Amino acid sequence: MRILFYLICIIFLSQGTVLAQQPTTEPKTYYDANGTLYWNKKLPVYVSLSTSPDPTKGIVLKEENVNHVRPYYLDTEGINWIRSRWATDSTTGVPLVPQREILWPVMSDGLPPITTATPVAKGKFVSAGKVYYSGDISIELKARDAVSGVEATYFNIGDGFKTYSQPFTLPADSKINLKFYSNDHVGNGENADLNNKTLSEFYVDNSAPVSTLTLIGPNVDNIVSLKTKIKLSAQDGSSGVSKTTYGFNKEAGQLYTIPLSLANLKPNENYVRYTSTDNVSNRETEKAYDFFLDAEAPRVEYNVSIDYFKSSIGQVYVSNRSAFELTATDNKAGLNKIYFAVDHATKTDYKAAVNTDQAPGLHKLSYSADDRVENLSKTNTVSYYIDVKAPLIKYQAVGPKLLRNDTLFINKVTKITIASIDAGIGQAGLKKLEYQIDNQAPISYVERFGIEGDGLRNLKITSTDQVNNGSDAGQTIYVDNVPPEIVEVYGVDKIGAKVINDKSYVIYPKELKLYLAARDKNVGTQTVYYKINTGAKAIYTTPLTSFAPGNYSITIQAFDILGNESSKTISFAVE
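What follows is the structure, given as structure tokens:
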């Protein structure tokens, strides 16, 4: 007789694709593709006999000596056997030889699957009990079940349970509480709330740090100096900054630790590259900052408005009318201030021209400038003399001259010489010496000179030193080129006249006294000379007498004080 055994169970499963809470699973049975029967150990087992494959036709067996049907529970995890004594031939009913038992296997499964979660990420960081993963994280769930096998695995990252099919990614920059569990084919399910089924409070960090560059020290726009330092800082809102690297120009990157000095860079155009990486290897896109390294201080120059002279050895002379004007130029950042100090005074800001109103003598002006990034020029010093003394003028007439009161009488042969002196410590030296006669144009004095013409003239002399201290002198000059007028006086009247060889003679008696004189209207007569006939020339002092009878020719010469000469010849006869 064929005896069929049927196992009866109630199977309940309720699940969807996305569930907010872990659903309750009911124990159930499961036939796999090979016909193997899997039985949840929580389910009762009833054995029935039937004469046909129809499970509804069976009769549930009772235990011996028990009047009612009682459930049976499988006690062994894994394979269980329902067995009968010897197998028979299905046609004859005769036991088979050799004898063998009839075995009906049932796989008993009372344990849930075991699921593990494996985070896969390039970066992981743990700090103060918090776990951070990089944004490329994916979660791989692996489940195993020893008997009926895994039916499905589920996970929840805060938006409800979902069926797991393959490794899944997580939302970027978020805090994650991951729960997961698996069910086997007979309704045994893990508890997703157990600690080993939870990856709690880990963080997905998909954002790179943000680096900031700050200039410490002098700077204007993107212009810096050697005093400037570059400070790099970075912020990261999740796993935190791991490192910041930098490189100047084309240099290789290196680790940033302290503010960067610019001392080893070449002046002018430069740039620095920098980037930061967080603790889960998120790297910021490299940034670059272009800057101009201004290592050149301003150039300061002075200019003296007026009355300035620099000697061949570099000594500077000014007058008390002068003023030092300071100017500065800067190649890039622009001028900040100009500073100056006179002698031992404290350095101060330059605002207006520096007057030379100090006492005459030697002084010094110190000056410097800085630009807007604190490049300070070296202190330059100019030593200068304040010269307030005018040159000394001397002049003289060389040759015939007469000084009467304030008038100098000269004639055409007289020469005027001029000298001017501006020498000594603190004296700038002579610049020009000029003279002017009446209203004529000034003439530079080169050599001694005479004055043409006759009459009253005005001589003006001016002398100027190298810083335009000037002096002048003047002289009233009377140019006298007119000789004296000769006058002869006969002491007696004439007594007759005669002509000899066509030459007329006035005749005087032998008692004649001849008086000679010369009249000069300007300077006066100096000397009168006479010569009688072919005799020697003599100075006239007393009247001429003792004339012997005869014919006389007397040559008379008169000189005024300036040497202007007049001459005259008179002829007469004495009888």
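Letter by letter, the sequence shown follows residues -20 to -1, 1 to 555 of mature numbering (1 follows the signal peptide of the UniProt record, and there is no 0).
The beta-carbon is built from N, C-alpha and C at its ideal position, and this holds for glycine as well.
Since this is a predicted model, take the numbers as computed values, not measurements.
Query	Result
Is the stretch 389 to 401 close to the stretch 361 to 377, with three or more CB pairs under 8 Å?	yes
Give the DSSP bridge partners of residue 65, in chain order.	DSSP lists no partner for residue 65.
Within the same chain, show all residues whose beta-carbon is closer than 6 Å to that of residue 309, passing over the 5 residues directly before and after it, in chain order.	279
For residue 352, count neighbouring Cβ atoms within 10 angstroms of its own Cβ and tell me buried if that reaches 16, exposed if not.	buried
My guess is that residue 168 and residue 89 are in contact by the Cβ rule of under 8 Å, so how many angstroms apart are they, rounded?	6 Å
Could you compute how far the alpha carbon of residue 553 sits from the alpha carbon of residue 485?	6 Å
What's the gap between the Cα of residue 450 and the Cα of residue 459?	28 Å
What's the gap between the Cα of residue -17 and the Cα of residue 40?	Here residue -17 scores only 36 on pLDDT, less than 50, and its place in the model should not be relied on; the value that follows carries that caveat. For residue -17 and residue 40, the distance between alpha carbons rounds to 11 Å.
Just list the residues that DSSP pairs residue 124 with in beta bridges.	94
Taking the beta carbon of residue 32 as the centre, do at least 16 other beta carbons fall within 10 Å, making it buried, or is it exposed?	exposed
Rounded to whole angstroms, what is the Cα-Cα separation between residue 327 and residue 350?	13 Å
Quick one, are the C-beta atoms of residue 284 and residue 269 less than 7 Å apart?	no
Taking 7 Å as the limit between beta carbons, can you name the residues of its chain near residue 547, skipping five residues before and five after?	535, 536 and 537
Does DSSP put residue 381 in a helix, in a strand, or in coil?	strand
Work out the CA separation of residue 79 and residue -15 for me, nearest whole Å.	Caution applies to residue -15, whose pLDDT of 37 falls short of 50 and renders its modelled position unreliable; the model cannot decide the point.
Between residue 189 and residue 221, how many whole angstroms is the CB-CB distance? I'm expecting something under 8 Å.	5 Å
Measuring only the C-alpha atoms, how far is residue 85 from residue 76?	20 Å
Using the three-state DSSP reduction, which class does residue 336 fall into: helix, strand or coil?	coil
Out of curiosity, what's the CA-to-CA distance linking residue 406 and residue 366?	7 Å
Does DSSP put residue -10 in a helix, a strand or coil?	Interpretation of residue -10 is limited by its pLDDT of 31, a score under 50 that renders its predicted location unreliable; the figure taken from the coordinates is listed afterwards. DSSP places residue -10 in coil when its eight states are reduced to three.
Where does residue -9 land, buried or exposed, given buried means 16+ other C-beta within 10 angstroms?	The predicted position of residue -9 is uncertain, since its pLDDT is 31 and thus under 50; a value taken from the coordinates is nonetheless stated next. Exposed: under 16 other Cβ atoms inside 10 Å.
Inspect the CB distances between the stretch 421 to 441 and the stretch 455 to 473 and report whether three or more fall short of 8 Å.	yes
Curious, which full-length alpha helix (DSSP H) runs of at least 4 residues does the stretch 267 to 332 contain?	none
Which residue wins for smallest C-alpha separation from residue 306, given the options 313, 319 and 297?	319
On a CA-only basis, which of 502, 504 and 533 is nearest residue 516? Give me that one, please.	533
How about residue 203 and residue 312: do their beta carbons lie closer than 7 Å?	yes
Anyone know if the C-beta pair for residue 38 and residue 28 falls short of 7 Å?	yes
Could you give the DSSP three-state label for residue 36: helix, strand or coil?	helix
Let me know the secondary structure DSSP gives residue 45 once reduced to three states.	coil
Excluding the five sequence neighbours on either side, which residues of its own chain have a C-beta within less than 7 Å of the C-beta of residue 65, listed in chain order?	81
Using only the heavy atoms of the ligand NAP, determine whether one of them is closer than 6 Å to the beta carbon of residue 342.	Of the ligands one can find in the structure shown there are none, so the ligand NAP has no counterpart to examine.
For residue 160 versus residue 111, is the C-beta distance shorter than 7 Å?	no
According to DSSP, is residue 176 part of a helix, a strand, or is it coil?	helix
If we ignore side chains and look at the alpha-carbon of each, how far apart do residue 97 and residue 121 end up?	5 Å
At which residue ranges does the stretch 340 to 369 contain complete beta strand (DSSP E) runs of 3 or more residues, listed in the order of the chain?	341 to 351 and 360 to 366
With a CB to CB cut of under 8 Å and the five nearest residues on each side skipped, what residues in its chain are close to residue 288?	296, 297, 298, 302 and 447
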